[in-house]
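Reviewing the structure listed below.
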């Protein structure tokens, strides 16, 4: 099981090096008297597995037994907003709120078009 421990340690080291505040908060950008700091949501997932087994196809124990193991992981980084810093104020602007508003407006427009079309058919 030493090999399995090595696999898990390797995954943990990679996650540790990528998990930092710099991953969530991007580099500040300055323009037109404002400083913008991008903000992201970061999600990690990983798994590992392994097993011992016989070394031949007969199903009987061989002189040496085999070991198999592996692991993997993934990272999802999603922009969620930005921090805007000016001389007068600092505020957080959520991209989710803007996307939600755009979706609501789109639904209202579609419903409005549907109602207008129905009225034209009846009239």
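Residue numbers (this note's numbering): 595 to 717.
Even glycine gets a Cβ: it sits at the ideal position worked out from N, Cα and C.
Inset, instruction - Pair every Cβ in the stretch 661-669 with every Cβ in the stretch 679-687, then say whether three or more of these pairs are closer than 8 angstroms. - result: Output reads no: the stretch 679-687 does not touch the stretch 661-669.
Inset, instruction - Thinking residue 638 and residue 669 are a contact (beta carbons under 8 angstroms), I'd like their distance in whole angstroms, please. - result: 6 angstroms
Inset, instruction - In the DSSP assignment, find the unbroken alpha helix (DSSP H) run with residue 706 in it and report its ends. - result: 689-716
Inset, instruction - Work out the CA separation of residue 689 and residue 675 for me, nearest whole Å. - result: 5 angstroms
Legend entry - residue 695 vs residue 642 beta-carbon contact at 8 angstroms: Taking 8 angstroms as the cut-off, the beta carbon of residue 695 is found no closer than this to the beta carbon of residue 642.
Inset, instruction - May I have a chain-ordered list of the alpha helix (DSSP H) segments no shorter than 4 residues that lie completely inside the stretch 617-642? - result: Counting only unbroken stretches of 4 or more residues, no alpha helix (DSSP H) element lies wholly within the stretch 617-642.
Legend entry - Straight-line Cα distance separating residue 660 from residue 640: Straight across, the Cα-Cα distance linking residue 640 with residue 660 is about 24 angstroms.
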